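Read the structure below first, then the notes.
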Amino acid sequence: MDLIQGLPTSSIAAIVRSLSPRLFIDFVQYLPDEVCLRILSYLDVKSIIDFSRTCKRWYNLSLDSRLWRQLYHLEGWFVSQPELLKLERWANSSQLNSRSIDFQFSAKRAPHDNDVEMSDPGAFSSSKHTQGFTDESTAQYPPTIDETRPEHAYLDRPTIPEQSDLFKMTLWTHNRYNDQFRVNWKYLFMMRCRLEKNWATKRYTNLQFPNPRYPDEAHEECVYSLQFTHDYMVSGSRDKTLRIWDMKTQRLVRPPLCGHQASVLCLQFDASPEQDIIISGSSDSDVIVWRFSTGEILQKLDTAHRESVLNLRFDNRVLVTCSKDTTIKVFNRFPLKYGDPGYGPGDPEYLSKVPITVKRYGFENGPADYMPIRPPYEVIATLKGHTAPVNAVQIHGKEVVSASGDRLIKVWDWEKNACIRTVQGHTKGIACVQYDGRRIVSGSSDNEIKIFDSRTGAVVTRLEGHRNLVRTVQAGFGDLPYSLTEDEEEARKIDMEYDHAVATGAIEDPSRPHRPSSNRQNIPGSRQPDQILSRGAKIPPNGGGGPHARIVSGSYDQEINVWRKNREGIWGVHSTLHQQDAILNAQMAEAQKNLRGIPVQFSTMIQWQEFCESIIHGGVARLQQAITQNPALLLLFNLFSAAIDRILVVHERQALRTELENCRLKYAEAVQIACEQELTDQVIRVPLPGGRANFEIDCRVGPQLSLEQMMHRLDLIPARIFKVQFDATRIIACTHKTTIVAWDFCNAERELLALRRVFNPIS
């Protein structure tokens, strides 16, 4: 070193230049791309991004679609493989695979603009990184085609890239070897990250069923049950009907399905052409099988139970129902031959009681060939063991999980007609349950949600946040490819830490008698020894799963809670949703679609109330100005009335009431006149008393509010939650009200809306 320090700077620089190739080797330059990609496959997303920032060659390599497909699945996300294949077939169809195709979004043609899509340098520079791929995930239901517009009109039309387009990121990459477009998995990854960010930051839009402009399509009484897919939703109500809704228009597909004699308490449907079925259960103790595509009754199981059918589930083999009569019944969905699971021991009349000759295969029939075929929807098993009404059931393979008012959860093998395991943990009756083969998630009258290890029956997590009965729950843990092994290893490690803490006296030994239990704070999911609820479980205290796990629960406390885990794996209420907020937001959004000015947007009832208060405190002139500029504010009639009632000065209060009523009547008059006019360029003007202002309605656009909306006052009183379901982009809930509400986390962002069908939910 002394010798080098004595050299001139130019000589030292020459030495550095000669040694640099040996000290810093660009392995990407020398190794095959396949080997480089194998190395990159061990990195996480942040490391891949840092890798891509090094140089252009490294960046181009980091764009490999197969690499991003792996990163996508390692987040615990899934896609609908049929939808991806469908999109690629559309992109590569003969009428699209042309250089003359330009960008198109929805049915309206948009100008080609370099700012339309985000940049993706080198996306097409290396065709060997954009070859075929496979995906193991499948869709639950095949999609349907909207008859009112081209099926993929909402997507970007692909174009063969020119040199100037190389720095644009789109949904498509082009393989120059076979002249085919393939899905760009990096783009899918980015869009899914944006969607998850919307969930995390509570960014959503609200929808209502029925569409606010058609309130007469709503149920006549409260809605007890629902299920939805990308295209349809089916709801069951106390009004004894089922209704099928179009998810795009929020309107009825066909008239209500009538057949039950009492409230429809439960349902499930499968709209795929192979199944084409709805099955519903009712308080009349009947189960009805409907054809989804026509609404006709295929079969009616009269008095399937002795009392109300509280819940039902079906898969490709069986239908399972549970009832207030404390029993669970299993029906075969398709004809059964002798030897099929669930066929039973057979009818003694057809069984020989004496030895018979061994069958000569291929030449004569055996005894099994003479056994009768059991027709569909016969009772093949009756599961008895609960001592109170069975409120919920779930199917997973040959296992059935039931939850009852007797505070017990039971796991059954329906093929053997036997109870495998009984799980205890709640202190009051259990109202809902979900089962994925590893975990049981339940909600109870003790106001708690609990996560159980299904293999040991141990309680691993207790979620406290509701103030009343937890009526409905859905969980998605987003298991990673190696979650099963990793979760078991983590559970064993936590057990060892717990044993060590007991041995050293850090915590009390629970096995020692006459030791009072300490009053400890519940930290759901904590791995600290003093917070462990059970020892010996096969899953960690937080239930395991991936980083995007979530639980959505609805309660009789009139709230919907979205539970998420933080970085330490601790569960907590991430957001609380209210049905009345969603109704008001959906109504206002629909009414302000054609507003010329800036629409008024809030997310909670408190914000809307404060907005109405500010207008009322501005006096009569401010109220009149606000409503004439935005007649949609008449939907807030009840909120304005409540704010006026709080005015202390009598004559001011009376003047505001009169003005509010005059605005409502005059706008209704303007709407009536506009509805009687044909489609013209005419603008209807109806003056308010005194000639101070006019209500103007452009007949080409139509009124902001229909007469039905004017007559249908918004019911903004909080209501009990009966059923909640979520998928990758939406939460939909039915309550004690006649309307159904939704929270859409695509947040009206067109890129997310275009890929809604591709994203599978956290499962």
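With the UniProt record's numbering applied, the sequence shown has no gaps in its numbers, which climb one by one up to 763 at the end.
A virtual CB, placed ideally from N, CA and C, is assigned to each residue, including glycine.
Everything numeric in this text was worked out from a predicted model, so none of it was measured.
Identify, in the order they occur along the chain, each residue of the same chain with its Cβ nearer than 8 Å to the Cβ of residue i, setting aside the five sequence neighbours on each side.
i: MET247; result: PHE228, THR229, HIS230, ASP231, TYR232, MET233
i: ILE279; result: LEU267, GLN268, PHE269, VAL287, ILE288, VAL289, TRP290, LEU312, PHE314, LEU319
i: TYR72; result: VAL79, TRP185, LEU188, PHE189, ARG192
i: TRP77; result: ARG192, GLY478, HIS548, PHE759, ASN760, ILE762
i: LEU265; result: TYR224, SER225, GLY236, GLY281, SER282, SER283, SER308, VAL309, LEU310, ASN311
i: LEU634; result: ILE627, CYS663, ARG664, TYR667, LEU705, MET710
i: ALA748; result: THR205
Using the rule of at least 16 other Cβ atoms within 10 Å of the residue's Cβ for burial, across every protein chain shown, is residue i buried or exposed?
i: TYR482; result: exposed
i: ASP446; result: buried
i: GLY465; result: buried
i: GLN29; result: exposed
i: GLY536; result: exposed
i: TYR224; result: buried
i: PRO161; result: Legend: pLDDT at PRO161 = 42, less than 50; position of this residue unreliable, value from coordinates given subsequently. Counting Cβ neighbours within 10 Å, PRO161 comes out buried, since at least 16 surround it.
i: ASP284; result: buried
i: ALA218; result: buried
i: THR427; result: exposed
i: ASP487; result: buried
i: ASN332; result: buried
i: ILE606; result: exposed
i: HIS305; result: buried
i: GLY437; result: exposed
i: CYS612; result: buried
i: residue 767; result: Residue 767 cannot be examined here, being either before or after the span of the chain that is shown, 1 to 763.
Name the one or two DSSP bridge partners that residue i has.
i: ARG438; result: BP columns for ARG438 are empty, so no partner.
i: ILE409; result: ALA403, VAL423
i: ARG182; result: THR173
i: THR241; result: CYS258
i: GLU464; result: GLU448
i: GLN208; result: VAL741
i: LEU267; result: SER280
i: GLN394; result: VAL401
i: ARG291; result: ILE277
i: ASN332; result: VAL318
i: ARG564; result: ARG550, GLY572
Between residue i and residue j, what straight-line distance do the alpha-carbon atoms span, to the nearest angstrom?
i: TRP172; j: ASP302; result: 53 Å
i: LYS56; j: LEU23; result: 21 Å
i: LYS723; j: ARG757; result: 23 Å
i: PRO389; j: SER323; result: 6 Å
i: THR461; j: ILE451; result: 5 Å
i: LEU252; j: ALA491; result: 49 Å
i: ASP33; j: ASP44; result: 18 Å
i: LEU584; j: GLU590; result: 10 Å
i: LEU660; j: GLN624; result: 8 Å
i: ASN60; j: LEU37; result: 11 Å
i: ARG194; j: THR201; result: 10 Å
i: LEU484; j: SER534; result: 19 Å
i: VAL562; j: THR738; result: 23 Å
i: ILE647; j: ARG471; result: 40 Å
i: ARG243; j: ILE297; result: 14 Å
Is residue i helix, strand or coil by DSSP?
i: GLY443; result: strand
i: ARG22; result: helix
i: PHE189; result: helix
i: ARG664; result: helix
i: LEU71; result: helix
i: THR472; result: strand
i: ILE647; result: coil
i: HIS230; result: coil
i: ARG720; result: coil
i: PHE726; result: strand
i: LEU755; result: coil
i: VAL79; result: strand
i: residue 773; result: This structure leaves residue 773 out entirely; the chain is present only between 1 and 763.
i: THR303; result: coil
i: LEU480; result: coil
i: SER52; result: helix
i: ILE697; result: strand
So, for residue i: in the same chain, excluding its five sequence neighbours on each side, which residues have a beta-carbon less than 7 Å away from its beta-carbon?
i: GLU415; result: PRO341, GLY342, LYS398
i: TYR435; result: GLN394, HIS396, VAL401, SER454
i: PHE292; result: PHE269, ALA271, ASP276, ILE277, ILE278
i: GLN725; result: LEU226, GLN227, PHE228, GLN474, ILE732
Given residue i, which residues of its chain have a CB within under 6 Å of its CB, disregarding the five upstream and five downstream residues?
i: ARG203; result: ASN747
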